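J.: Before anything else, here's the structure in question.
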Amino acid sequence: MNILIVEDSATLRHAMCQYIRNAGHNPIVANNGEEALQLFDASRVDMIVMDVEMPGLDGFETTRLIREWLEKDDLWLPIIFVTGKNEEDDLRKGIDVGGDDYLIKPVSETILLAKIRAMERIITMRNELKRLNQSLIELSERDSLTRLFNRRTFDERAENAWKQAARNHEALAILIMDIDHFKLYNDCYGHVAGDECIVKVADAITQSLGRPGDIVARYGGEEFIVVLTNTREDGAYHVAERIRQNVAALNIRHRASPTSTHITVSIGGAVINHTAGTHLRDQIHAADKALYASKQAGRNRVTVKLFSPKVRILVADDTGRLARSIDSKLKQYFALLQARSGQETLSLASRNRPDVIVMNGNLKGDDAVDTIKRLREDSNTAQIPILTVCQDVNYWQSLELEIDGCFADAESPVELIDKLNRLLF
Ligand SMILES: [Mg+2]
C-alpha cells in the first residue's frame, strides 16, 4: 500500500516511515498540510497517517479538504490521526472531520502497524462490496441465458441512443431478428438443445457487430434486437447480412425445418435518417414489419427499410390554401391535419398532439387570437409551436402572443416552409 504520512516533526516522520517500510508498505512523506494536498493529488494513496498539530493547515482542515475531494468521486480511504492531545473532545472532533482512527503520541510501532492492518481489512471489505455491487448491477442488466442485455436494459439504452441521434441529427438503425422455425427445433431436439442453440446464435450476432456503441439484446424467447448508432440503410443492410451469414455458418442441424437443413435467422431492419416527428417505438414497429416481410418471403433473409417519419402539422385554415401550399412543398416529410375552425383546432390539437400548428390569422367564424390563447392554456397543447400566417405581421407581433413565428400571407409561403424545416429538423 502507498501510505501518505503527514507530519511536521522530522524525528517522528522518520520513525513512522521506518515502521511502515518494515511492514512492507511504501511511505509517501509530506511535511505539512499544503504539501499533503499536493502529493495526494499527484500520487496514488491508499491510506493516510495524519498529524493533527501542524503550522498552516492543520490535520483536521487538511482531512476535511481531502474528504471533500474524495466524496466528489464517491471514493474513500482510511485516515488515521496522530496527535499529542489526549482530550475526549479532540478525539470526537477528529472523527467528526472524517478521521477513522486516532493515535496518541508517542506512537509505538506495534500499535501503528496494528491500526494499519485493521484499516487494510476495511479497505479489502469495501473493495469486495464494490465488486459485488458491480456484478449485481451487471446481472440485473443481462439475460441469464445469453448474457446479452435484457429487454429492460435495452429499453433504457435504446432510448438514450435515440435521444443522442436526435441531438446530433444522426441516422439510427434497428434490426430485429428471429430464429427460423425455432419451435419446431425445440420440439424436435428438446429444450436443452434449444437453449444451446439460442446461446450460439446470440454469440454469432455479437461477433457480427463491430462498434462499442452498438446495442444488442435478447428481445424475446428466440428474438434479438440490435441498435446501430449513426448507421444508414446500406450500413444496416451490410451488418444484417453479416449476422445472417454468421448464423448460417454455425451449421446447427435443423431436420424439422421446412425451409433449411440448418438453423437460420430472418432479419428485419428499419433505418431512420432523422428522428423528428416520431418515436423509438414506431421505428421498432417498422423493423418488426420488415422482419415479417423477411419471413413471408421465405425466411433466412434480410429486409431493411428506410423508415421516414411523418412530422404532423395541424393547419388551421378555412380556405384550404395554406394546406395545399405546404403539402406541395413538403409532402414526403409531413402529415397534414386540417382544421377549419378554432374549435376544431382545439380538439384536433389536444387529441393528436401535432408537432407544429400553422394558423391562418384570419380564421373565419372564430377568433384566431382567442384560439391561440386557449391552446396555450391547455397543458396538452401548451408546448406545441405555433406559426401564424397573416396579412399584417406588425400588427400580429404587437399582440405579444406566445407564438413561434408570424409570416406574411402570400401565394407561396417560402419563409414559412423554411421556418418549418428549421423548427422540425
Ligand atoms: Mg505536529
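Numbering-wise, the sequence shown is residues 375 to 799 according to our numbering. The beta-carbon is built from N, C-alpha and C at its ideal position, and this holds for glycine as well. This structure is a prediction, so every number in the text was calculated from the model and none was measured.
(1) Can you tell me whether His555 is helix, strand or coil according to DSSP?
(2) Going by C-alpha to C-alpha distance, which of Asn534, Ala535, Glu515, Ser582 sits closest to Arg526?
(3) Count the other CB atoms within 10 Å of the CB of Leu722; is the residue buried (16 or more) or exposed (fewer)?
(4) So which residues touch the region around ligand 1, with touch meaning a C-beta under 6 Å from any heavy atom?
(5) Under 8 Å between the Cβ atoms of Val763 and Asn734?
(6) Gln712 lies in the beta strand (DSSP E); which residues open and close that run?
(7) By the 10 Å Cβ neighbour count, where 16 or more other Cβ atoms means buried, how is Ala499 classified, buried or exposed?
(8) Over what stretch of residues does the beta strand (DSSP E) that includes Ile478 continue unbroken?
(9) Any idea what DSSP makes of Val573, helix, strand or coil?
(10) Taking contact to mean at least 3 C-beta pairs separated by less than 8 Å, is the region 515-524 in contact with the region 555-566?
(11) Met551 and Ile641 look like a contact to me (Cβ under 8 Å); what is the Cβ gap, rounded to whole Å?
(12) Express the C-alpha separation of Ala709 and Arg531 in angstroms, rounding to a whole number.
(13) Does DSSP classify Asp608 as helix, strand or coil?
(14) How far does the alpha helix (DSSP H) with Asp656 in it extend, from its first residue to its last?
(15) Note down the Cα distance separating Pro586 from Phe528, rounded to an integer number of angstroms.
(16) How close, in whole Å, do the beta carbons of Ile791 and Ile700 come, if the pair is a contact with beta carbons under 8 Å?
(17) Kindly give me the distance between the Cβ atoms of Leu513 and Ala547, rounded to whole angstroms, as I take these residues to be in contact under 8 Å.
(18) Taking the beta carbon of Arg592 as the centre, do at least 16 other beta carbons fall within 10 Å, making it buried, or is it exposed?
(19) Can you tell me the Cα-Cα spacing of Trp450 and Glu570, whole angstroms?
(20) At what residues does the alpha helix (DSSP H) containing Met390 begin and finish?
(21) Per DSSP, what kind of secondary structure is Asn495 in: helix, strand or coil?
(22) Do you know how far the Cα of Val419 is from the Cα of Arg387?
(23) Could you give the DSSP three-state label for Lys738: helix, strand or coil?
(24) Tell me whether the beta-carbon of Ala690 lies closer than 8 Å to the beta-carbon of Ala713.
(25) Find the nearest neighbour of Glu801 within the set Leu477, Met421, Leu749, Val621, judged by alpha-carbon distance.
(26) Relative to the C-alpha of Leu688, which residue among His659, Gly595, Lys703, Glu718 is closest?
(27) Check the C-beta distance from Asn620 over to Gln581 and give it rounded, since I have them as a contact under 8 Å.
(28) Counting along the chain, where does the alpha helix (DSSP H) carrying Asn405 start and finish?
(29) Tell me whether Arg627 sits in a helix, a strand or coil according to DSSP, three-state version.
(30) Pick out whichever of Thr605, Val573, Trp770, Val613 has its Cα sitting closest to the Cα of Leu583.
(31) Drop a sphere of 10 angstroms on the beta-carbon of Glu462, count the other beta-carbons inside from all chains shown, and report buried for 16 or more, exposed for fewer.
(32) Can you tell me whether Ser640 is helix, strand or coil according to DSSP?
(33) I need the boundaries of the beta strand (DSSP E) containing Val676, first residue and last residue.
(34) Can you have a look at Pro728 and say buried or exposed, based on whether 16 or more other CB atoms are within 10 angstroms of its CB?
(35) Could you name the residues that DSSP lists as bridge partners for Arg686?
(36) Output the distance between the C-alpha atoms of Ala484 and Ala397, rounded to the nearest integer angstrom.
T.: Let me lay it out:
(1) Locating residue 555 in the sequence shown gives position 181, where the first residue counts as 1. Correct three-state label for His555: coil.
(2) Taking the sequence shown and counting its residues from 1, the one referred to as residue 526 is at position 152. The option with the nearest alpha carbon to Arg526 is Glu515.
(3) Position 348 of the sequence shown, counting from 1, holds the residue named residue 722. It is buried - the Cβ of Leu722 has at least 16 other Cβ atoms within 10 Å.
(4) Asp382, Ser383, Asp425, Glu427, Met428
(5) Residue 763 sits at position 389 when you count from the first residue of the sequence shown. Residue 734 sits at position 360 when you count from the first residue of the sequence shown. For Val763 and Asn734, yes; Cβs fall inside 8 Å.
(6) Sequence index remark: in the sequence shown, residue 712 carries index 338 (1-based). Counting along the chain, the beta strand (DSSP E) containing Gln712 begins and ends at 708-713.
(7) In the sequence shown, residue 499 corresponds to position 125, counting from 1. Per the sequence shown, the amino acid found at residue 499 is Met instead of Ala. So Met499 counts as exposed.
(8) If you number the sequence shown from 1, residue 478 lands on position 104. Per DSSP, Ile478 belongs to the beta strand (DSSP E) from 475-478.
(9) Here residue 573 is taken as the residue at index 199 of the sequence shown, counted from 1. Helix, per DSSP.
(10) no
(11) In the sequence shown, residue 551 corresponds to position 177, counting from 1. In the sequence shown, residue 641 corresponds to position 267, counting from 1. Correct: roughly 4 Å between the Cβ atoms.
(12) Here residue 531 corresponds to residue number 157 of the sequence shown, with the count starting at 1. Here residue 709 corresponds to residue number 335 of the sequence shown, with the count starting at 1. In a straight line, the C-alpha of Arg531 is about 29 Å away from that of Ala709.
(13) The count along the sequence shown starts at 1 and reaches residue 608 at position 234. Asp608 falls in the helix class under three-state DSSP.
(14) Stepping through the sequence shown from its first residue, residue 656 is reached at position 282. Asp656 -> alpha helix (DSSP H) spans 654-670.
(15) In the sequence shown, residue 586 corresponds to position 212, counting from 1. In the sequence shown, residue 528 corresponds to position 154, counting from 1. Computed Cα separation, rounded: 15 Å.
(16) Position 417 of the sequence shown, counting from 1, holds the residue named residue 791. Position 326 of the sequence shown, counting from 1, holds the residue named residue 700. About 7 Å separates the two Cβ atoms, so the contact holds.
(17) Along the sequence shown, one-based indexing puts residue 513 at 139. Along the sequence shown, one-based indexing puts residue 547 at 173. So it is not a contact: roughly 29 Å between Cβ atoms.
(18) In the sequence shown, the residue the question calls residue 592 occupies position 218. Buried is the call here.
(19) Along the sequence shown, read from residue 1 onward, the residue named residue 450 stands at position 76. Along the sequence shown, read from residue 1 onward, the residue named residue 570 stands at position 196. The alpha-carbon atoms of Trp450 and Glu570 are separated by roughly 43 Å.
(20) Here residue 390 is taken as the residue at index 16 of the sequence shown, counted from 1. Element bounds for Met390: 384-396.
(21) Here residue 495 is taken as the residue at index 121 of the sequence shown, counted from 1. Reading off the sequence, residue 495 comes out as Arg, not Asn. Here Arg495 sits in helix by DSSP.
(22) By one-based count along the sequence shown, residue 387 stands at place 13. By one-based count along the sequence shown, residue 419 stands at place 45. Spanning the two alpha carbons is a distance of roughly 17 Å.
(23) For the purposes of this step, residue 738 is identified with residue 364 of the sequence shown, where counting begins at 1. Here Lys738 sits in coil by DSSP.
(24) Along the sequence shown, one-based indexing puts residue 690 at 316. Along the sequence shown, one-based indexing puts residue 713 at 339. Yes, these two residues count as a Cβ contact at 8 Å.
(25) Past the edges of the chain, shown from 375 to 799, lies residue 801, and the structure says nothing about it.
(26) Within the sequence shown, residue 688 is the residue found at index 314, counting from 1. The residue with the shortest Cα to Cα distance from Leu688 is Glu718.
(27) Here residue 620 corresponds to residue number 246 of the sequence shown, with the count starting at 1. Here residue 581 corresponds to residue number 207 of the sequence shown, with the count starting at 1. Their Cβ separation, rounded to whole angstroms, is 6 Å, which keeps Asn620 and Gln581 in contact under 8 Å.
(28) On the sequence shown, position 31 is the one that residue 405 refers to. Counting along the chain, Asn405 falls outside any alpha helix (DSSP H), and DSSP gives it neither H nor E.
(29) Counting from 1 along the sequence shown, the entry for residue 627 is found at position 253. Looking at Arg627 - three-state DSSP - the assignment turns out to be strand.
(30) The residue given as residue 583 occupies position 209 in the sequence shown. Selected option, being the one with the closest Cα: Val613.
(31) Your numbering for residue 462 matches position 88 in the sequence shown. Under this definition Glu462 is an exposed residue.
(32) For the purposes of this step, residue 640 is identified with residue 266 of the sequence shown, where counting begins at 1. The answer is strand: DSSP assigns Ser640 an E or B state.
(33) For the purposes of this step, residue 676 is taken as residue 302 along the sequence shown, with counting starting at 1. Here the beta strand (DSSP E) through Val676 covers 676-680.
(34) The sequence position of residue 728 within the sequence shown is 354, counting from 1. Per the 10 Å Cβ criterion, buried.
(35) Start at 1 with the first residue of the sequence shown, and residue 686 comes out as number 312. Its beta-bridge partners are Ala709.
(36) If you number the sequence shown from 1, residue 484 lands on position 110. If you number the sequence shown from 1, residue 397 lands on position 23. What sits at residue 484 in the sequence shown is Thr, not Ala. Roughly 10 Å between the two C-alpha positions.
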